[in-house]
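Its first residue numbered 27, the sequence shown is counted upward by one per residue in this note's numbering.
Here is the structure we will look at.
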Amino acid sequence: MTVTSGFDRDAVQRKYAEERARRVDGNRQSVSQLWRDESLAHYLDDPFTDYIERAPVATDVDVAIVGAGIAGVVTGAKLRDQGDYKVTLIDTAGGVGGTWYWNRYPGVMCDVESYIYMPMLEEMDYVPTRKYAFGEEIREHIDAIARRYDLLDDALFHTRVLESRWDEDAARWVITTDRGDTLRARFLVMAVGILNLAKLPAIPGHERFQGRSFHASRWDYDYTGGAPGDDHLTNLADKVVGIVGTGATAIQCVPPVGESAQHTYVFQRTPSAIGVRNNFDTPEEFVASLEPGWQKDRMENFTAVMAGREKERDLVADAWTAHMAKVSNPRIEPGWTPEQIGEAAEQFDFEVMEEHRRRVDEEIADAEVAERLKPYYRYLCKRPLFHDEFLAAFNSPKITLVDCPHGVEEITERGVIVDGEEYALDCIVYATGFEAEVTPFPRRAGHPIFGRDGQALANKWADGAMTLHGIMTRGFPNLFLSPGPGQQAVVSVNHTHVMVTGAEHIAAAIAKVDRAGVRAIEPTEAAEAAWVAAVEAGFADRSPFMLACTPSRLNFEGDPSLQNARNGSYGGGYGDYFDWKRILDGWLADSGFPDMDVET
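Right, dumping it as structure tokens:
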């Protein structure tokens, strides 16, 4: 095996360990579920849509869908394709879009190619305007789907579900909300997504700051100027702004804020690995070349390439596929031992991260600033990022990087304190993200769910998820879960692919149950146990790798003891999407209801 010139494994591991040790603080550093804390609840106020008082709704529906993001809207659309079902979407937002409703900060875009990320492009006869779409285009597309499939008139927005409870006698889910609503639904679909719990850093003094502060997912354009899709933040010309964070949100909003504000301080705990984005307008010849079935083919090709199953044809051909192929599926020679394979993977990982560190040197003139922006950890310790303006922004004299590996210490009336020094600010932007996929589903659900005999889903899943196919769970009849991380389905960098597959399956399953005259359906005890066992068997204990990682949402913020085999994914890898899809299709094709207890 050839070792890359300059690769000193021991030295690299020491450097990575040093950088990790500077940052370990675990989930204690974050506060989420802000709506439960009266002093912080205002950070979740909707700045985009006015709250409108309305009378409580009491009605029977065929399907209630909690969540109106991509998963919820696509599930509703697929139900429309299946029949004339009464469908009600429920969401705390003022409209559809999910994470794209809330995240309208300057520069927001998706890090996955728009041709595979934006759902139902062929059904909507739409091709995105760029290879990587900006947030407004994505949100408007989701809204267009909801309008096309008539999902808005019965939707309940600015509405939080308080409880979902199975009524045994009526075989209905009774859903109550904070607006006094009572819905009685034959089927309940939970489509809350994975980016629905905004986090604030657990810093003392939030309430003391006398300036303006907001979470980036609630961007205050009234204060900054500009508008969603318009990054001219004219009101910041005489303002000093502090942006807390250098993750996916910050790398996108720092350039427009830095250009507009009098001065911008960027408070960084951990540098991100930032690859080349290389965005461009969609070529006319690409649009002309598209044939029926193109989006599904492209989605599946991306998943196959990422899993190492497809070696010859890379339709997306971007930094995701190039880097993941190198790191996750390294070139190996016949006869290599497991130790040699592991060393090769680590070597290729080093090569990819060296590319990222060299890019920092190439982009930034100040060597000291460049060094502080270099990521020192394994490539998959944090979700890789891609951007073409963030690094160069630090060449501006109007932008200052403040390296604070232990985080901001305190918030004062005038600003923030880092290493004993106060930074006076007019505005603080918390670009601190979400709890994301490490959070157990019962917590992400946002409300208690009670099944047969009053059993709480949170209690059933106290020791980890228990499902069949990652979509249904015993004891909770007619409840369908949109597949996501931590729910025993499959995972993908392109989560839309998984959500669309789940939506198609859930809609078809509901129609199958309805047409058969079935009253209630749930997994058998044996089938659920077998699926849980399969997930546990496929779980790869990544503790050694995760312990060597800098804290992030992918390693439970540095506390891998929180990992749970039951909260893993089916098969444990990207490539298992195809096996999972085959199982779902087989279940639908069967004339009966295999692995289910059926009540007629």
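In this text, a Cβ means the ideal position worked out from N, Cα and C, and glycines have one as well.
Note to self: For a minimum of 3 consecutive residues, which ranges assigned as the beta strand (DSSP E) are wholly contained in the region 257-292?
What the structure shows: 266-270
Next item on the list: Please state whether DSSP places Trp192 in a helix, a strand or coil.
Entry: For the purposes of this step, residue 192 is identified with residue 166 of the sequence shown, where counting begins at 1. DSSP places Trp192 in strand when its eight states are reduced to three.
Next item on the list: Ignore the nearest five residues each way along the sequence and tell me which others in Val386's own chain have a CB closer than 7 Å to its CB.
Entry: Within the sequence shown, numbered from 1, the residue matching residue 386 stands at position 360. So the qualifying residues of the chain are Ala396, Leu399, Lys400, Leu417.
Next item on the list: For the region 538-545 and the region 355-374, state whether three or more C-beta atom pairs, one from each stretch, are separated by less than 8 Å.
Entry: no
Check: By Cβ distance, which residues of its chain are closer than 6 Å to Val624, with the 5 residues on each side in sequence left out?
Finding: In the sequence shown, residue 624 corresponds to position 598, counting from 1. Around Val624: Val544, Ile547.
Item checked: Residues near Ala81 by beta carbon distance below 7 Å, same chain, minus five either side -> Position 55 of the sequence shown, counted from the start, is the residue given in the question as residue 81. Once the five neighbours on either side are set aside, Ala81 has no close Cβ partner at all.
Check: What's the gap between the Cα of Ile390 and the Cα of Gly284?
Finding: Looking up residue 390 in the sequence shown gives position 364. Looking up residue 284 in the sequence shown gives position 258. Distance between the alpha carbons of Ile390 and Gly284 is about 15 Å.
Next item on the list: Per DSSP, which residues does Cys453 bridge with? Please list them.
Entry: Taking the sequence shown and counting its residues from 1, one reaches residue 453 at position 427. According to DSSP, Cys453 bridges with Arg238, Val267.
Next item on the list: Note down, in chain order, each residue of its chain lying with its Cβ closer than 7 Å to the Cβ of Ile277, except the 5 sequence neighbours on either side.
Entry: In the sequence shown, the residue the question calls residue 277 occupies position 251. Ser298, Ile300, Leu411, His413, Phe416, listed in sequence order.
Check: Would DSSP call Val516 helix, strand or coil?
Finding: Residue 516 sits at position 490 when you count from the first residue of the sequence shown. Coil at Val516, not helix or strand.
Next item on the list: Starting from the C-beta of Ala119, find all residues in its chain whose C-beta is less than 8 Å away, skip the five residues before and the five after it, and write them out in chain order.
Entry: By 1-based counting over the sequence shown, the position of residue 119 is 93. For Ala119, where only same-chain residues beyond five positions count, the Cβ hits under 8 Å are Asp72, Thr75, Ala94, Tyr127, Trp128, Phe183, His184.
Next item on the list: Starting from the C-beta of Met325, find all residues in its chain whose C-beta is less than 6 Å away, skip the five residues before and the five after it, and write them out in chain order.
Entry: Translated into the one-based positions of the sequence shown, residue 325 becomes position 299. For Met325, where only same-chain residues beyond five positions count, the Cβ hits under 6 Å are Ile142, His523.
Note to self: What residue range does the beta strand (DSSP E) around Leu209 cover?
What the structure shows: Walking along the sequence shown from the start, residue 209 turns up at place 183. Looking at the DSSP string, the run of the beta strand (DSSP E) that includes Leu209 is 208-216.
Checklist line | Limits of the beta strand (DSSP E) - the one that Val92 falls within | finding: Position 66 of the sequence shown, counting from 1, holds the residue named residue 92. From DSSP, the beta strand (DSSP E) with Val92 extends over 84-92.
Next item on the list: Tell me where the alpha helix (DSSP H) around Glu162 begins and ends.
Entry: Numbered from its first residue, the sequence shown carries residue 162 at position 136. Its alpha helix (DSSP H) spans residues 161-174.
Notebook entry, point to check: Contact between the region 284-295 and the region 421-439: three or more CB pairs below 8 Å?
Noted result: yes
Next item on the list: Would you identify the three-state DSSP class for Ala314, choosing helix, strand or coil?
Entry: Here residue 314 refers to the residue found at position 288 of the sequence shown. It is helical.
Next item on the list: To the nearest angstrom, report how far apart Ser243 and Tyr131 are at their CA atoms.
Entry: Against the sequence shown, residue 243 aligns to sequence position 217. Against the sequence shown, residue 131 aligns to sequence position 105. So the alpha carbons of these two residues sit roughly 7 Å apart.
Next item on the list: Specify, as a first and last residue, the run of the alpha helix (DSSP H) that Arg106 falls within.
Entry: In the sequence shown, residue 106 corresponds to position 80, counting from 1. 96-108 is the span of the alpha helix (DSSP H), which, as asked, contains Arg106.
Next item on the list: Taking Ile497 as part of the beta strand (DSSP E), name the residues at either end of that continuous run.
Entry: Along the sequence shown, one-based indexing puts residue 497 at 471. Here Ile497 belongs to no beta strand (DSSP E), and DSSP marks it neither H nor E.
Item checked: Pairwise C-alpha distance: Ala172 and Ala181 -> Start at 1 with the first residue of the sequence shown, and residue 181 comes out as number 155. Start at 1 with the first residue of the sequence shown, and residue 172 comes out as number 146. If I take the Cα positions, the gap works out to 10 Å.
Check: Would you call the CB atoms of Gly268 and Tyr449 closer than 9 Å?
Finding: Counting from one through the sequence shown, the residue named residue 268 turns up at place 242. Counting from one through the sequence shown, the residue named residue 449 turns up at place 423. Against a cut-off of 9 Å, the Cβ pair of Tyr449 and Gly268 comes out as a contact.
Next item on the list: Return the residue from the list Glu372, Ile437, Asp540, Ala471 that minimises the CA-CA distance to Arg35.
Entry: Here residue 35 corresponds to residue number 9 of the sequence shown, with the count starting at 1. Selected option, being the one with the closest Cα: Glu372.
Next item on the list: Measure the CB-CB distance between Asp207 and Val83 and report whether it falls below 9 Å.
Entry: Here residue 207 refers to the residue found at position 181 when the sequence shown is read from its first residue. Here residue 83 refers to the residue found at position 57 when the sequence shown is read from its first residue. Cβ atoms of Asp207 and Val83: closer than 9 Å.
Next item on the list: Compare the C-alpha of Ala11 against each of Phe619, Gln236, Ala348 and name the closest.
Entry: In the structure as shown, the chain starts at 27 and stops at 626, and residue 11 therefore has no counterpart that could be examined.
Check: Under a Cβ-count criterion, where at least 16 other Cβ atoms within 10 Å of its own Cβ denotes burial, should Glu44 be classed as buried or exposed?
Finding: Mapped onto the sequence shown, residue 44 falls at position 18. Glu44 should be labelled exposed.
Next item on the list: Run the CB neighbour count on Arg339, radius 10 Å, all protein chains shown included, and call it buried at 16 or more, exposed below.
Entry: Taking the sequence shown and counting its residues from 1, the one referred to as residue 339 is at position 313. By the 10 Å Cβ count, Arg339 comes out exposed.
Check: Where does Ile497 land, buried or exposed, given buried means 16+ other C-beta within 10 angstroms?
Finding: Reading the sequence shown from its first residue, position 471 is the one you call residue 497. With 16 or more Cβ atoms within 10 Å of its Cβ, Ile497 is classed as buried.
Notebook entry, point to check: By how many angstroms is the C-alpha of Phe240 removed from the C-alpha of Val455?
Noted result: Here residue 455 refers to the residue found at position 429 of the sequence shown. Here residue 240 refers to the residue found at position 214 of the sequence shown. Rounded to the nearest angstrom, the two C-alpha atoms are 5 Å apart.
Item checked: Through-space distance from Pro503 to Asp621, alpha-carbon basis -> The residue you call residue 621 lines up with position 595 of the sequence shown. The residue you call residue 503 lines up with position 477 of the sequence shown. Roughly 13 Å separates the two Cα atoms.
Next item on the list: Work out the CA separation of Gly480 and Ile536 for me, nearest whole Å.
Entry: Counting from one through the sequence shown, the residue named residue 536 turns up at place 510. Counting from one through the sequence shown, the residue named residue 480 turns up at place 454. Using only the alpha carbons, I get a separation of about 23 Å.
Next item on the list: May I ask you to report which of helix, strand or coil DSSP gives Phe604?
Entry: Counting from one through the sequence shown, the residue named residue 604 turns up at place 578. Phe604 falls in the helix class under three-state DSSP.
Next item on the list: Out of Gly597, His382, Asp540, state which residue places its alpha-carbon closest to the alpha-carbon of Gly109.
Entry: One-based indexing of the sequence shown puts residue 109 at position 83. Comparing Cα positions, the closest option is Asp540.
Check: Do the region 303-318 and the region 143-159 make contact, defined as three or more Cβ pairs closer than 8 Å?
Finding: yes
Next item on the list: Give the DSSP bridge partners of Ile142, in chain order.
Entry: Residue numbering aside, residue 142 sits at position 116 when the sequence shown is read from its first letter. Its beta-bridge partners do not exist; DSSP assigns none.
Item checked: alpha helix (DSSP H) segment containing Phe467, residue limits -> In the sequence shown, the residue the question calls residue 467 occupies position 441. Taken as a continuous stretch (DSSP letters only), the alpha helix (DSSP H) holding Phe467 covers 467-470.
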